[in-house]
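Colleague: Under my numbering, the very last position in the sequence shown is 168; numbers go up by exactly one each time.
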Amino acid sequence: MKVLIAYGTRYGSTEEIAARIGQILHDAGLTTDVVNLKTTKMKPDVAAYDGWIVGSGIQMGHWTKVAKSFLSKNKWKFTDSTKLAIFLSCGTAKTPEGRDKAKKDYILPLLTSFGLQNARYDAFGGFYDFTDSSRVGSFFKKIMKKALEEDGVDVSAGKIDQRDWGQIESFAKDYGNFLKELQK
Ligand SMILES: Cc1cc2nc3c(=O)[nH]c(=O)nc-3n(C[C@H](O)[C@H](O)[C@H](O)COP(=O)(O)O)c2cc1C
């Protein structure tokens, strides 16, 4: 079975998650294509896959444009939307309560508006890079650093990873098992 993992990222967190999910599904015996929707030359053909995973980062409450428009443009092509899985990487999802809020605020409204309510979805924590080599611009760095500090986070390390890799691995394994069950 062939699975598409398509993502939009601004600073690389969602890309690392997509790569990890791809590796887990590959290890489970599935064929995977992990595609950065911004840099890819050819937008993937949804019909060529048995399952689809779409991921995005969140900035100022917004999905990446590429991931949102990929879902919007292909909404009729996800013939069985139970085979569609959505994930986010965002600061809100750093705790279990935050995950529920992120799902409610950022995922559910979008899925509902696209008629994709049968998709599975999860929200993962974020990653912040405040070092000199960071892709985050100095203005946004300042804002986010302040917000994290107000939240009691120690930002002195420069890189703060609030992603729960166990949660991410479970999400990937559950999805892989689901697809494999369908094939039986
Ligand atoms: C400028 C900026 C704005 C952000 N705004 C939000 C936000 O509105 N809500 C949220 O939950 N997380 C927010 N975050 C956290 C990001 O979603 C988190 O860093 C995520 O891992 C980014 O994913 P990406 O690197 O794949 O784009 C923000 C981060 C930055 C740097």
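Where a beta carbon is used, it is the ideal one built from N, C-alpha and C, also for glycine.
I believe K59 touches L100 by the beta-carbon criterion, under 8 Å. Please report the beta-carbon distance rounded to the nearest angstrom.
Modeller: K59 to L100, Cβ: 6 Å. Contact.
Colleague: Spell out a yes or no on whether the region 30 to 48 and the region 62 to 80 are touching, meaning 3 or more CB-CB pairs, one atom from each, closer than 8 Å.
Modeller: Flag = yes, the region 30 to 48 and the region 62 to 80 touch.
Colleague: Who pairs with D113 in a beta bridge, going by DSSP?
Modeller: Paired residues: K143.
Colleague: Less than 9 Å separating the beta-carbons of I91 and Y112?
Modeller: For I91 and Y112, no; Cβs fall outside 9 Å.
Colleague: Let me see if you follow: with CB-CB separation under 9 Å, is F123 close to chain D or not?
Modeller: Reference to chain D is not applicable here, since this structure consists of a single protein chain.
Colleague: Measuring CA to CA, which of F155, L166, K52, L163 is closest to I1?
Modeller: With distances taken between Cα atoms, I1 lies closest to F155.
Colleague: Between Y105 and ligand 1, is there a pair consisting of the residue's CB and a ligand heavy atom that are separated by less than 8 Å?
Modeller: No, the Cβ of Y105 stays beyond 8 Å of every heavy atom of ligand 1.
Colleague: Could you give the residue range of the alpha helix (DSSP H) that holds Y159?
Modeller: 149 to 167 is the span of the alpha helix (DSSP H), which, as asked, contains Y159.
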